[in-house]
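One structure is given here, and the rest of the page talks about it.
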Amino acid sequence: MTSSSTSSSRFPRISTTGVPTRCWCGEGITTFGSSTAENRYRRFYRCEIGRDRKSENHLFKWIDEALIDEIRMVDAKYEKVALLEHEMSQELKEMVNLEIARLENEMKQKLKIATVVMVVVGAMVGLCTSLIV
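First residue of the sequence shown? That's 0 in numbering that gives the first Met the number 0, and the numbers climb one at a time after it.
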């Protein structure tokens, strides 16, 4: 995909990524269709002022290239989110495993205490029974 626009060293073209919303001059953008033989009917974004002042290099961007930029940006963001989700999932698993281990230890301690209490109560019951008889 080639651009049929010209550039000027006096007014360098500003690169935009994705779908543009404003020109460097602050003017909004409009869509047009190319009428050149090389890009017949190909749609592009253009600053309205730049349409009349082509030598000043106001915003010009092919719509299909802008959409490809947008897709690439979304893909990059998706990859970051997927990586973050994986990292958070691993951290959550670790936290859950630590909590399970803590609860297991706590339950073991309570079971030991309950066993000791049962032995002591059993001994006291046995002692009381032997005194009564």
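All C-beta atoms, glycine included, are put in the ideal place defined by N, C-alpha and C.
According to DSSP, which residues form a beta bridge with residue 29? BP columns for residue 29 point to 45.
Assign residue 45 to buried or exposed, taking buried as 16 or more other Cβ atoms, counted over all protein chains shown, within 10 Å of its Cβ. buried
Is the region 50-65 in contact with the region 13-23, if contact means three or more CB pairs nearer than 8 Å? The region 50-65 is in contact with the region 13-23.
Would you mind giving the Cβ-Cβ distance between residue 188 and residue 42, rounded to the nearest angstrom? I have them listed as a contact below 8 Å. There is no way to answer for residue 188, as the model of the chain reaches only from 0 to 132.
In angstroms with no decimal places, state the Cα-to-Cα distance between residue 55 and residue 23. 11 Å
With respect to the beta strand (DSSP E) encompassing residue 60, which residues constitute its N-terminal and C-terminal limits? 59-61
How big is the Cα-Cα spacing for residue 126 and residue 113? 20 Å
Does DSSP put residue 21 in a helix, a strand or coil? strand
Coil, strand or helix - residue 132 by DSSP: coil
Taking all protein chains shown into account, decide if residue 85 is buried (16 or more other Cβ within 10 angstroms of its Cβ) or exposed. Exposed: under 16 other Cβ atoms inside 10 Å.
If you reduce the DSSP assignment to three classes, tell me which class residue 37 lands in. coil
Hey, residue 38 and residue 61: beta-carbon distance below 9 Å or not? yes
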